[in-house]
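Quick notes on the structure that follows.
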Amino acid sequence: MRLLEERILKDGLVMEGDVLKVDGFLNHQMDVQLFQAMAEEWKRLFAGCEINKILTIEASGIGIACIAGLSFGCPVVFAKKTKTRNIAGDVYRTQVKSYTHNNISEVIVSKKYLGADDRLLLIDDFLANGAALSGLLDLADMAGARVIGAGIAIEKAYQPGGKLLRERGLRIESLARISAMDDSGRIEFIS
Ligand code: G4P
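Numbering of the sequence shown is given in numbering that gives the first Met the number 0, commencing with residue 0 and proceeding in unit increments.
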């Protein structure tokens, strides 16, 4: 998506440790007009797929998913990261390993909000190693929900997540796919 790629080139900063800082428009200050354009693009790409729920993960996916929920006209559920192992309630639960932060989060969704009638679009800001998306797939699987596909804002396509998950049969629509970047400021996209 041209608009997002241009914004990354204009306002994105490549930091040490292979991190693309996009907190001026994506995951701290949020450009909701840009989110709206992204949501409309996913709506076009997933036209006719009868998506009836969006599932995302705390924290940075939530804003993007909410705007997508307006375009799709459906509820948005987010998987909660929790530190307490035995929280009360009837929940689906899985673990998400973050390779970047080198930690494991327990993520949960209430059984009330995910079920066999759901046709899900998974949404997240970044796809890198695929840990977050894999966690969402686990939760959907436990609920018997059908995953129609995933909408990602920025895929670091040189990291393994996208390839692994596409090989597992997941349809992934990433709006900007980075093929290479370095801290001299170079950022290249797969068109
Ligand atoms: P994954 O995102 O594919 O699951 O892989 P990974 O474990 O590598 O990512 C860990 C966290 O770092 C994720 O956020 C992910 O969105 C984020 N991330 C990965 N690469 C970049 C990057 O280049 N720039 C930025 N800004 N973030 C990146 P998280 O910690 O799980 O959640 P959140 O609370 O930040 O949303």
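Glycine residues also receive a C-beta, built at the ideal position from the N, C-alpha and C atoms. Quantities reported herein were computed from a predicted structural model and do not represent experimental measurements.
Neighbour-count burial assignment, residue i, 16 or more Cβ in a 10 Å radius
i, result
"arginine 6", "buried"
"asparagine 26", "buried"
"serine 97", "exposed"
"arginine 43", "exposed"
"alanine 144", "buried"
"threonine 55", "buried"
C-beta contact flag for residue i and residue j at 8 Å
i, j, result
"aspartate 17", "phenylalanine 24", "no"
"alanine 67", "isoleucine 53", "yes"
"glycine 161", "glutamate 154", "yes"
"arginine 118", "glutamate 49", "yes"
"serine 109", "valine 90", "yes"
"alanine 130", "glutamine 158", "no"
Per DSSP, cross-strand counterpart(s) of residue i
i, result
"glycine 148", "Leu120"
"lysine 155", "Ile177"
"tyrosine 91", "Val108"
"methionine 14", "Val18"
"serine 97", "Asn102"
"valine 31", "Note: valine 31 sits in no beta bridge, so no partner."
"leucine 44", "Its beta-bridge partners do not exist; DSSP assigns none."
Inter-residue Cα distance where the pair is residue i and residue j
i, j, result
"methionine 0", "glycine 150", "12 Å"
"isoleucine 186", "aspartate 10", "12 Å"
"leucine 132", "aspartate 123", "8 Å"
"methionine 141", "aspartate 181", "39 Å"
"isoleucine 103", "leucine 12", "27 Å"
"leucine 138", "leucine 19", "28 Å"
"valine 106", "threonine 99", "17 Å"
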